[in-house]
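**Q** Submitted below is the structure of interest, expressed as structure tokens.
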Amino acid sequence: MGAYRADDDYDYLFKVVLIGDSGVGKSNLLSRFTKNEFSLESKSTIGVEFATRSIHVDDKIVKAQIWDTAGQESGFLDVVFG
22 MGAYRADDDY DYLFKVVLIG DSGVGKSNLL SRFTKNEFSL ESKSTIGVEF ATRSIHVDDK
82 IVKAQIWDTA GQESGFLDVV FG
């Protein structure tokens with residue numbers, strides 16, 4: 022394990038938007054990847070949920086910013102990328 026690096030210290034940044042119909046598992050995918058948690062009893066997302074995770078790949082730090090859009094991608098994408 023290497024020396025501590027600050028959360029905003031990374032080599033690559035990926036911004037990911039999870040898209041899909043309501044109830045297909047976007048929130049559980051986000052939760053599993055960022056917190057290693059999964060719930061069969063999860064509630065529907067209201068609005069937008071956001072999480073990050075950094076991983077080591079070939080001596081580089083790769084950070085993922087992941088957005089869960091609650092099945093409302095068109096409105097969300099218009100606001101973010103409008």
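Just add 21 to wherever you are in the sequence shown, counting from 1, and you've got this note's numbering. From the three backbone atoms N, C-alpha and C, an ideal C-beta is built for every residue, glycine too.
1. Use the C-beta contact count for ILE87: other C-beta atoms within 10 angstroms, 16 or more gives buried, fewer gives exposed.
2. How should THR73 be labelled, buried or exposed, when 16 other C-beta atoms within 10 angstroms of its C-beta is the threshold for buried?
3. Quick test of your reading: LYS64 and TYR31, contact by CB under 8 Å. State the CB separation rounded to the nearest angstrom.
4. Going by the CB atoms, is the gap between ASP79 and SER48 shorter than 7 Å?
5. Could you tell me which uninterrupted beta strand (DSSP E) segments, each at least 3 residues in length, are contained entirely in the stretch 41 to 86, listed from first to last along the chain?
6. SER75: which of GLY41, GLY68, PHE54 and GLU62 sits nearest, CA to CA?
7. Taking the beta strand (DSSP E) that TYR33 belongs to, which residues open and close that run?
8. Is ASP89 helix, strand or coil when you go by DSSP?
**A** Walking through what the data contain:
1. buried
2. exposed
3. That belief does not hold up - the Cβ atoms of LYS64 and TYR31 are roughly 31 Å apart, past 8 Å.
4. no
5. 70 to 78
6. PHE54
7. 33 to 39
8. strand
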